[in-house]
Amino acid sequence: MKPDAASLTRLRAVVDATGWLDDPAAMAPYLAESRGRLHGEALAVARPRTTAEVAALVAICHEQRIGVVPQGGNTGRCGGGVPAAGQLVIALERLNHIRAVDAAGDTITVEAGCILADVQAAARAAGRLLALSLGAEGSCRIGGNLATNAGGLNVLRYGMAREQCLGLEVVLADGRVWDGLRRLRKDNTGYDLRDLFIGSEGTLGLITAAVLKLQPLPRAQATALLVPASLAAVPALLARARSYGDGGPSRFELLPRLALDTACRHLPGCRAPFEPLPQWMLLAGFDGRDPRVQAEVEALLAAALEAGEIVDAVLAQSGAQADALWRLREAIVEAQPLLGPSLKHDLAVAVADLPAFVEQACAALAAALPGVRPYVFGHAGDGNLHFNLSPPPDMAPAAFLDAGPRLRELLHGLVAGFGGSFAAEHGIGRIKTGEMARWKSPVELELMRRVKAALDPEGILNPGKVLPPPA
Ligand SMILES: Cc1cc2nc3c(=O)[nH]c(=O)nc-3n(C[C@H](O)[C@H](O)[C@H](O)COP(=O)(O)OP(=O)(O)OC[C@H]3O[C@@H](n4cnc5c(N)ncnc54)[C@H](O)[C@@H]3O)c2cc1C
Numbered sequence: 005m006k007p008d009a010a011s012l013t014r015l016r017a018v019v020d021a022t023g024w025l026d027d028p029a030a031m032a033p034y035l036a037e038s039r040g041r042l043h044g045e046a047l048a049v050a051r052p053r054t055t056a057e058v059a060a061l062v063a064i065c066h067e068q069r070i071g072v073v074p075q076g077g078n079t080g081r082c083g084g085g086v087p088a089a090g091q092l093v094i095a096l097e098r099l100n101h102i103r104a105v106d107a108a109g110d111t112i113t114v115e116a117g118c119i120l121a122d123v124q125a126a127a128r129a130a131g132r133l134l135a136l137s138l139g140a141e142g143s144c145r146i147g148g149n150l151a152t153n154a155g156g157l158n159v160l161r162y163g164m165a166r167e168q169c170l171g172l173e174v175v176l177a178d179g180r181v182w183d184g185l186r187r188l189r190k191d192n193t194g195y196d197l198r199d200l201f202i203g204s205e206g207t208l209g210l211i212t213a214a215v216l217k218l219q220p221l222p223r224a225q226a227t228a229l230l231v232p233a234s235l236a237a238v239p240a241l242l243a244r245a246r247s248y249g250d251g252g253p254s255r256f257e258l259l260p261r262l263a264l265d266t267a268c269r270h271l272p273g274c275r276a277p278f279e280p281l282p283q284w285m286l287l288a289g290f291d292g293r294d295p296r297v298q299a300e301v302e303a304l305l306a307a308a309l310e311a312g313e314i315v316d317a318v319l320a321q322s323g324a325q326a327d328a329l330w331r332l333r334e335a336i337v338e339a340q341p342l343l344g345p346s347l348k349h350d351l352a353v354a355v356a357d358l359p360a361f362v363e364q365a366c367a368a369l370a371a372a373l374p375g376v377r378p379y380v381f382g383h384a385g386d387g388n389l390h391f392n393l394s395p396p397p398d399m400a401p402a403a404f405l406d407a408g409p410r411l412r413e414l415l416h417g418l419v420a421g422f423g424g425s426f427a428a429e430h431g432i433g434r435i436k437t438g439e440m441a442r443w444k445s446p447v448e449l450e451l452m453r454r455v456k457a458a459l460d461p462e463g464i465l466n467p468g469k470v471l472p473p474p475a
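Per my numbering, residue 5 is the first one in the sequence shown, and the count goes up by one each step.
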């Protein structure tokens, strides 16, 4: 239903002159997903400055049954922020104040539009660490991080966005505000509403502010690039690593030969760390509250070598060397397009199942599409792999993309067999609702639909995202 002119005038009057965009050129950046793969349309883009303005906009949308699409940094990978015709984008980028830093209580209270890197910097300025860290941290925003329950590099030690959040302020579907901005570590007063909104991708409410947990700043860090004896050795190696350093590694990333080879051949500043490159490598980062962490990691390498879990390793001897190793981790993401189009899968299995899963998946893929190149990397420490696929060298891009649904079905079927997840950290958005229908149990889907109906009975919040249409 197209809103009448009077409703549009009321919506526009909520925000200041620079807070309302309806010119196609000005709206364009808000209509496309960050990689430009999905394009949407919208009634307009509203850029409120305060929670009260967000609430007023949503109240009018509720009354007029106008779909609302919240947006943070628009770095999401699943099209969750892409609007459809007739919907209002509410971009939270101007709700970007740090409301309070409580260094003694280890919390920071921020508005949803704060850029993650800015919040990290504010925490650091107060001598504290905000542990949430991901590749898009220079542009993603806290509201988006919480709405997608973002993971990233430090999950192994500090948990996902959910575990780093103590409280939320949320604008509900009818425009009321739920003030759950609590700084409590313990609060068993009924159902946990906060955890319902986290990870709901804008389909249950608009997050306008959050209380996040802070940690002590590490006094020292150590970084090692390990060559496991085989993939099968990885779970034991991780278990061993956990008892070294100060609580084990914070980051434990899998890097494959294909990716490092591509990055080191083509990207400036990337040097192959081993010659020849092994099939698999693991990049481990340790945060220490004790400066002896480097010696601890040296001892870990010796023990793992002796146990036959690793066959080689590089231990960074300086901050510059550590940065160069982490640059390799970033470079493999940049390098993948050099191999042609990519079929991306964001999978998780239990860490103990990781070797068997990767082995079976690679064998099944090779049988299904001979020559396909698995470009598998990511957060091995928490069982989350970006199981991306690059085409056989001589295959036409269109034919490869046509094979996508068949290969996805194969991989997601295997993941289901291992009791894993087909959407480990990037969420569902628009592009994986079909997978929800395919792999979620009817009971789980029904419970989710009931939650949605209870919190958004008119279905105005981010329509068409997360839940598949009823069968
Ligand atoms: C280079 C790169 C690396 C990445 N690495 C990781 C990674 O390691 N781990 C990871 O988990 N993700 C990663 N991502 C994905 C993405 O950065 C995260 O999902 C991020 O948390 C999204 O934040 P955003 O502000 O950009 O959200 P957006 O893209 O703007 O929105 C994402 C979803 O949240 C909803 N939303 C946004 N703001 C709000 C709000 N205030 N209230 C309610 N709903 C809201 C939107 O409607 C949409 O459904 C990466 C992305 C890029 C481009």
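Each residue gets a CB set at the ideal place from its N, CA and C atoms; glycine is no exception. Predicted model, so just to flag it, every value in this text is computed and none were measured.
Asked, Found
"Mind checking whether the beta-carbon of A151 lies closer than 7 angstroms to any heavy atom of ligand 1?", "yes"
"Three or more C-beta pairs under 8 angstroms: does that hold for the segment 388-402 against the segment 289-302?", "no"
"Give the single residue among R296, T207, V238 whose Cα lies nearest to the Cα of R223.", "R296"
"Rounded C-beta distance between H349 and R412? I'm assuming under 8 angstroms.", "7 angstroms"
"Using only alpha-carbon positions, find the residue among R132, I102, D106 that is nearest to I119.", "I102"
"Taking only three categories from DSSP, how would you classify T22?", "helix"
"Would you identify the three-state DSSP class for M285, choosing helix, strand or coil?", "strand"
"Starting from Y34, follow the alpha helix (DSSP H) in both directions and report where the run begins and ends.", "28-35"
"Q306 to L242, Cα distance in whole Å?", "Checking the displayed sequence, the identity of residue 306 turns out to be Ala instead of Gln. Rounded to whole angstroms, A306 to L242 spans 14 angstroms at the Cα level."
"In this structure, does DSSP put R145 in helix, strand or coil?", "strand"
"Run the proximity test for H430: is its beta-carbon closer than 7 angstroms to any non-hydrogen atom belonging to ligand 1?", "yes"
"Between the segment 80-100 and the segment 135-148, do at least 3 Cβ pairs fall closer than 8 angstroms?", "yes"
"Rounded C-beta distance between G252 and A245? I'm assuming under 8 angstroms.", "6 angstroms"
"DSSP puts F381 in a beta bridge; with which residues?", "H390"
"Excluding sequence positions up to five away, which residues of its chain have a Cβ less than 6 angstroms from the Cβ of G203?", "N153"
"According to DSSP, what are the bridge partners of K217?", "T111"
"What are the boundary residues of the alpha helix (DSSP H) that V58 is part of?", "55-68"
"Taking only three categories from DSSP, how would you classify C118?", "coil"
"Within the chosen definition, does the segment 154-169 reach the segment 36-45 through at least 3 CB pairs nearer than 8 angstroms?", "no"
"Measuring CB to CB, does R66 end up less than 8 angstroms from I464?", "With the sequence shown as reference, residue 66 is identified as His, and Arg is not the correct amino acid for it. Cβ distance < 8 angstroms, so H66 and I464 count as in contact."
"Mind reading off the beta-carbon distance from A177 to A116? Whole number of angstroms is fine, and I expect it under 8 angstroms.", "Rounded, the Cβ-Cβ distance is 16 angstroms, inconsistent with contact."
"What would DSSP say about L197, mapped onto helix, strand or coil?", "helix"
"Note down the Cα distance separating G90 from K469, rounded to an integer number of angstroms.", "15 angstroms"
"Going by Cα to Cα distance, which pick from G71, P28, M31 is closest to D460?", "G71"
"So does the segment 361-368 actually touch the segment 402-422, counting three or more Cβ pairs closer than 8 angstroms?", "yes"
"Quick one: Cα of P472 to Cα of G76, how far?", "23 angstroms"
"Among D398, G385, P359, which has the Cα closest to the Cα of P374?", "D398"
"Can you have a look at Q283 and say buried or exposed, based on whether 16 or more other CB atoms are within 10 angstroms of its CB?", "exposed"
"For C366, name the three-state secondary structure that DSSP assigns.", "helix"
"Which residue wins for smallest C-alpha separation from L218, given the options V301, E448, T111?", "T111"
"Can you tell me which of the three DSSP states R103 falls into?", "strand"
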